[in-house]
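Enquirer: Just passing along the structure, written as structure tokens.
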Amino acid sequence: MSVFSAKTFSAVKYSRFRPTYPAEFYEQLLAYHKKWQCETALAVDVGCGPGTASRALLEYFDEVVGYDLSATMISTANKIAQDVLPSQDLDRISFHVSLAHNLGQIEAKTVDMVIAAQAIHWFNQELFFREVHRILKPGGTLAYWFYIDGIFAKEYEVINQIIQKFIYEDSRYLGPHWEQPARRLLRGYLKDVEVPTECFTKIKRLVFHGKDGFGKNRLSGGESDKNKEDVLYIHKYLTLNEYKLYVQVSAAYFAYKELHSDDEEDCIDLMIDEINLAMGWTYEDNDSILLEVSWSTGYVFAKAF
Numbered sequence: 001m002s003v004f005s006a007k008t009f010s011a012v013k014y015s016r017f018r019p020t021y022p023a024e025f026y027e028q029l030l031a032y033h034k035k036w037q038c039e040t041a042l043a044v045d046v047g048c049g050p051g052t053a054s055r056a057l058l059e060y061f062d063e064v065v066g067y068d069l070s071a072t073m074i075s076t077a078n079k080i081a082q083d084v085l086p087s088q089d090l091d092r093i094s095f096h097v098s099l100a101h102n103l104g105q106i107e108a109k110t111v112d113m114v115i116a117a118q119a120i121h122w123f124n125q126e127l128f129f130r131e132v133h134r135i136l137k138p139g140g141t142l143a144y145w146f147y148i149d150g151i152f153a154k155e156y157e158v159i160n161q162i163i164q165k166f167i168y169e170d171s172r173y174l175g176p177h178w179e180q181p182a183r184r185l186l187r188g189y190l191k192d193v194e195v196p197t198e199c200f201t202k203i204k205r206l207v208f209h210g211k212d213g214f215g216k217n218r219l220s221g222g223e224s225d226k227n228k229e230d231v232l233y234i235h236k237y238l239t240l241n242e243y244k245l246y247v248q249v250s251a252a253y254f255a256y257k258e259l260h261s262d263d264e265e266d267c268i269d270l271m272i273d274e275i276n277l278a279m280g281w282t283y284e285d286n287d288s289i290l291l292e293v294s295w296s297t298g299y300v301f302a303k304a305f
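Residue 99 in UniProt numbering sits at position 99 of the sequence shown, with consecutive numbering throughout.
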């Protein structure tokens, strides 16, 4: 996670090119939260990054506070909030630098919901769960979620194979530069992250596999086309160059470039070249051909004792 604190890391680009979360997911989260008649006074977003999920929670909570270890991320979160939020909302949201497991500025049993969006894999989970339990009101909600490994539709399986080579398999490229155990946890769909049952109850866990996301409208189709709980559905049509930008804001790519800044050829440019050769595409095609991409996702909801 140290890469996100580096002065040369661009949190602005990170915010621009990473996936966002569908409104239907937040609605389901709030339905879970309110099922036990919980309040909506204060929500805390831990590992908030540029504030994507924090801003979304303003629709549902009176006040939202975001925390992140990276001062770069917090600076960007504040700037984006100033740029996109109406003035009446700016007094309801704030962002601060903090460790995930040391939120000492928050009084015990005062928070209605704590979220961690695409973040819990970076934390010391044992200490994080303990701190969340300290600050949540009894019956308050913990929610964390993730996405991992956007894949292309099966007619582009050769692209998926090439991407796997450059992102994970070939040690000359990004594979060795993923921080561990964070990436291992994500690729295992966070199944090794165990919510302590002595602190939390009513635990709800769902994983959605990206390969199942093609050829269906899982958010607005009929009952045969979706599972109503499968609302953390991240699916886009991207050009190859847009996908390239998505990869280039990853932690592994940043770490790779720190060691290979003088290389004549960028590893992701090499990946694009190999894809073009396999598909018979030109560089012009990389800005015009739209490709269907689906991410594996998952979420966990729980209630504090």
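Ideal Cβ positions, reconstructed from N, Cα and C, are used throughout, including at glycine. A quick note: this is a predicted structure, and the numbers were derived from the prediction, not measured.
In whole angstroms, what separates the C-alpha of R130 from that of Y173?
Expert: Counting from 1 along the sequence shown, the entry for residue 130 is found at position 130. Counting from 1 along the sequence shown, the entry for residue 173 is found at position 173. So the two alpha carbons sit approximately 37 Å from each other.
Enquirer: On the DSSP letters alone, give me the boundaries of the beta strand (DSSP E) that S261 sits inside.
Expert: For the purposes of this step, residue 261 is taken as the residue at position 261 of the sequence shown. First-last for S261: undefined, no H or E at that position.
Enquirer: Apply the 10 Å Cβ neighbour rule to P86 and answer buried if 16 or more other Cβ atoms are within range, or exposed otherwise.
Expert: Taking the first residue of the sequence shown as 1, we reach residue 86 at position 86. That one is exposed.
Enquirer: From D262, T282, A255, F254, pick the residue whose C-alpha is nearest to that of N241; which is it?
Expert: Here residue 241 refers to the residue found at position 241 of the sequence shown. Ranking the options by Cα distance to N241, first place goes to T282.
Enquirer: Assess contact between the stretch 132 to 139 and the stretch 153 to 161, defined as three or more Cβ pairs (one per stretch) separated by less than 8 Å. Is contact present?
Expert: No contact exists between the stretch 132 to 139 and the stretch 153 to 161.
Enquirer: Helix, strand or coil for R130, going by three-state DSSP, please let me know.
Expert: Locating residue 130 in the sequence shown gives position 130, counting from the first residue. Helix, per DSSP.
Enquirer: If you reduce the DSSP assignment to three classes, tell me which class V158 lands in.
Expert: As a working mapping, residue 158 is identified with position 158 in the sequence shown. The answer is helix: DSSP assigns V158 an H, G or I state.
Enquirer: In or out: A143 buried (at least 16 other Cβ within 10 Å) or exposed?
Expert: Locating residue 143 in the sequence shown gives position 143, counting from the first residue. Buried.
Enquirer: Using 8 Å for Cβ pairs, my map puts K303 next to K154. What's the rounded Cβ distance?
Expert: For the purposes of this step, residue 303 is taken as residue 303 along the sequence shown, with counting starting at 1. For the purposes of this step, residue 154 is taken as residue 154 along the sequence shown, with counting starting at 1. With a Cβ gap of about 39 Å, K303 and K154 do not count as contacting.
Enquirer: Closest to V231 by CA distance: which of T197, K13, P22, D91 is it?
Expert: For the purposes of this step, residue 231 is taken as residue 231 along the sequence shown, with counting starting at 1. V231 has its Cα closest to that of P22, out of T197, K13, P22, D91.
Enquirer: Taking DSSP as the reference, what is the three-state secondary structure of E242?
Expert: As a position in the sequence shown, residue 242 is number 242, starting the count at 1. DSSP places E242 in helix when its eight states are reduced to three.
Enquirer: I believe P50 touches A71 by the beta-carbon criterion, under 8 Å. Please report the beta-carbon distance rounded to the nearest angstrom.
Expert: Position 50 of the sequence shown holds residue 50. Position 71 of the sequence shown holds residue 71. That belief does not hold up - the Cβ atoms of P50 and A71 are roughly 12 Å apart, past 8 Å.
Enquirer: Pick from G280, D68, S250, S288: whose alpha carbon is nearest that of R16?
Expert: Mapped onto the sequence shown, residue 16 falls at position 16. Comparing Cα-Cα distances from R16 to each of G280, D68, S250, S288, the minimum goes to S250.
Enquirer: Could you check if S220 is buried or exposed, using at least 16 other CB atoms within 10 Å of its CB as the buried criterion?
Expert: Position 220 of the sequence shown holds residue 220. At S220 the pLDDT is 46, less than 50, meaning the model places this residue with poor confidence; the figure from the coordinates comes in the next sentence. Exposed, by the Cβ-count rule.
Enquirer: Excluding the five sequence neighbours on either side, which residues of its own chain have a C-beta within less than 6 Å of the C-beta of F61, listed in chain order?
Expert: Counted from its first residue, the sequence shown places residue 61 at position 61. Contacts found: T40, A43.
Enquirer: Check the C-beta distance from S98 over to G210 and give it rounded, since I have them as a contact under 8 Å.
Expert: Along the sequence shown, read from residue 1 onward, the residue named residue 98 stands at position 98. Along the sequence shown, read from residue 1 onward, the residue named residue 210 stands at position 210. Actually they are not in contact, since the Cβ atoms of S98 and G210 sit about 32 Å apart, beyond 8 Å.
Enquirer: Relative to the alpha-carbon of D89, which residue among F95, H96, A81 has its alpha-carbon at the smallest distance?
Expert: Numbered from its first residue, the sequence shown carries residue 89 at position 89. Selected option, being the one with the closest Cα: A81.
Enquirer: Which class does A143 belong to by DSSP, given the choice of helix, strand or coil?
Expert: If you number the sequence shown from 1, residue 143 lands on position 143. Residue state, collapsed to three classes: strand.
Enquirer: Do the stretch 183 to 202 and the stretch 268 to 281 make contact, defined as three or more Cβ pairs closer than 8 Å?
Expert: No: the two stretches stay apart, fewer than three of their Cβ pairs being nearer than 8 Å.
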